[in-house]
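**Student:**
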Amino acid sequence: MWKDFAVYITNKCSPSDKVVEVGVGKFNQVSNYLKEHYKMNIILTDIKPSHLGVVEDDITQPQQSLYENASLIYSIRPPGELHQPLMDIADKTGAILIIKPLANEDILTSKKMRLVNYNKAFFYIYP
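Position in the sequence shown (from 1) plus 3 gives the number in this note's numbering.
#1: Beta carbon of Ala124, beta carbon of Asp7: below 9 angstroms?
#2: How is the beta strand (DSSP E) around Asp91 delimited, first residue to last?
#3: Figure out for me which residue from Val10, Val57, Met90 and Pro104 has the closest Cα to the Cα of Pro81.
#4: Let me confirm a value: Val58 is counted as buried when at least 16 other C-beta atoms fall within 10 Å, else exposed. Which label applies?
#5: Check whether the region 67 to 81 and the region 37 to 44 touch, using three or more Cβ-Cβ pairs below 8 angstroms as the test.
#6: Among the residues of its own chain, which have a CB less than 8 angstroms from the CB of Val22, if the five just before and after it don't count?
#7: Apply the 10 Å Cβ neighbour rule to Met4 and answer buried if 16 or more other Cβ atoms are within range, or exposed otherwise.
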């Protein structure tokens with residue numbers, strides 16, 4: 004499933020595009036795959052960085068410079084209270100937003116996101 008998720012991201016942007024993962028936590032399987040197989044320029048953020056290479060950022064009060072010129076912003080299993088701040092930063096930057104929720108979670112944003120089933124992965128995308 005995670006490989007399918009990563010491949011979908013590569014279909015939406017090129018290796019030279021800026022991609023931001025929000026709330027990476029300790030799970031870096033997708034970002035590692037994108038870096039290793041596609042040499043993508045990915046910025047990893049989290050409110051409490053768990054390893055080197057993760058930039059400290061609170062998406063509810065984001066450092067705008069981290070997201071400027073991003074082509075795509077994604078988040079894997081973010082809590083519901085972060086869905087709208089993710090949408091807000093995507094709107095400000097014009098970036099594509101992908102949210103991969105837990106299987107039983109609803110997306111809590113003011114604008115409708117489209118459900119995508121891509122091979123073994125499912126997620127929501129905006130616009």
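We put the beta carbon where it would ideally sit given N, CA and C, even for glycine.
The model shown is predicted, which means the values in this text are computed figures rather than measured ones.
**Tutor:** Let me lay it out:
#1: The residue labelled residue 124 in the question sits at position 121 within the sequence shown. The residue labelled residue 7 in the question sits at position 4 within the sequence shown. It is a contact, given that the beta carbons lie within the stated cut-off.
#2: By one-based count along the sequence shown, residue 91 stands at place 88. First-last for Asp91: His86 to Thr96, but that is the alpha helix (DSSP H), not the beta strand (DSSP E).
#3: Counting from 1 along the sequence shown, the entry for residue 81 is found at position 78. The candidate whose alpha carbon is nearest that of Pro81 is Pro104.
#4: The count along the sequence shown starts at 1 and reaches residue 58 at position 55. So Val58 counts as exposed.
#5: no
#6: Start at 1 with the first residue of the sequence shown, and residue 22 comes out as number 19. Only Ile12, Cys16, Leu37, Met43, Asn44, Ile45, Ile46, Ala73, Ser74, Leu75, Ile76 and Tyr77 meet the Cβ criterion.
#7: Taking the sequence shown and counting its residues from 1, one reaches residue 4 at position 1. Classification of Met4: exposed, given that the 10 Å Cβ count is below 16.
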